[in-house]
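Counting from 2, one number per residue, gives the positions in the sequence shown under the numbering used here.
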Amino acid sequence: MEQIEQWMWLIWLAIIIISFIAEAATAALLSIWFAIGGLVALGCSFIPNFPFWAEIIVFFGVSLLVFLLIRPFLKKFMMKRISKSNVDTIIGKKGVMTADASPLDAGEVNVAGMIWTAVPKNNDMLLKGTIVRIASIEGNKLIVEPYNE
């Protein structure tokens with residue numbers, strides 16, 4: 002047991018390095034918690050007569066605590082940075098039907114100079130030349146409804 006306690010600092014250092022490498026290799030927050038827990042456990046390994054099993058408990062306890070305290074804040078912060086894609090910006094815009102659309106057959110709509118596949122929102126029949134509003138997007142199809150001024 003004494004030999005294990007003597008080398009625990011190397012184990013914690015390896016865990017810290019591996020955790021930072023794994024964190025740098027991914028875009029998500031996956032292993033930073035373990036790096037912080039390993040750092041605290043590394044500090045505990047230098048306390049004389051501190052048992053290795055207590056270091057392990059400290060490692061998991063600190064990792065869990067950091068995960069529970071910091072992840073919700075970081076997740077909220079990261080969600081603010083997500084912006085709409087270019088496709089999402091056409092929702093609510095007007096377009097002109099360039100081909101008839103019925104509940105059974107998709108038509109086409111011209112929105113800002115681009116032709117899109119269009120499906121009527123309320124099972125309406127939309128004729129060529131009808132002005133429509135883009136209600137939503139499902140896959141690569143625009144869900145459209147007649148535009149009423």
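Just so it is clear, CB atoms sit at the ideal spot from N, CA and C, and this is done for glycine as well.
Proximity below 8 Å, CB of residue i to CB of residue j
i	j	result
W1	G39	The structure shown does not extend to residue 1, since the chain spans only 2 to 150, so no value can be given for it.
F60	A42	yes
L65	D101	no
E6	P52	yes
L30	L75	yes
Strand pairing of residue i, partner residues [DSSP]
i	result
M115	V112
I91	According to DSSP, which records beta bridges pairwise, I91 is partnered with nothing at all.
K142	T118, E139
P147	V133
M98	V110
L127	A102
Distance between beta carbons of residue j and residue i, contact taken as under 8 Å
i	j	result
A113	I138	Incorrect: roughly 14 Å between the Cβ atoms, too far for contact.
I239	S20	The chain is shown only over 2 to 150; residue 239 falls outside these bounds and no answer can be derived.
E146	K122	4 Å
Whether or not the region 130-143 and the region 113-121 are in contact is what I'm after, with contact meaning three or more pairs of Cβ atoms, one per stretch, closer than 8 Å; do they touch?
yes
Are there three or more Cβ pairs, one per stretch, closer than 8 Å when the region 126-139 is compared with the region 95-108?
At 8 Å Cβ cutoff, the stretches touch.
For the region 30-72, list the alpha helix (DSSP H) runs that are entirely contained and at least 4 residues long, ordered along the chain.
33-46
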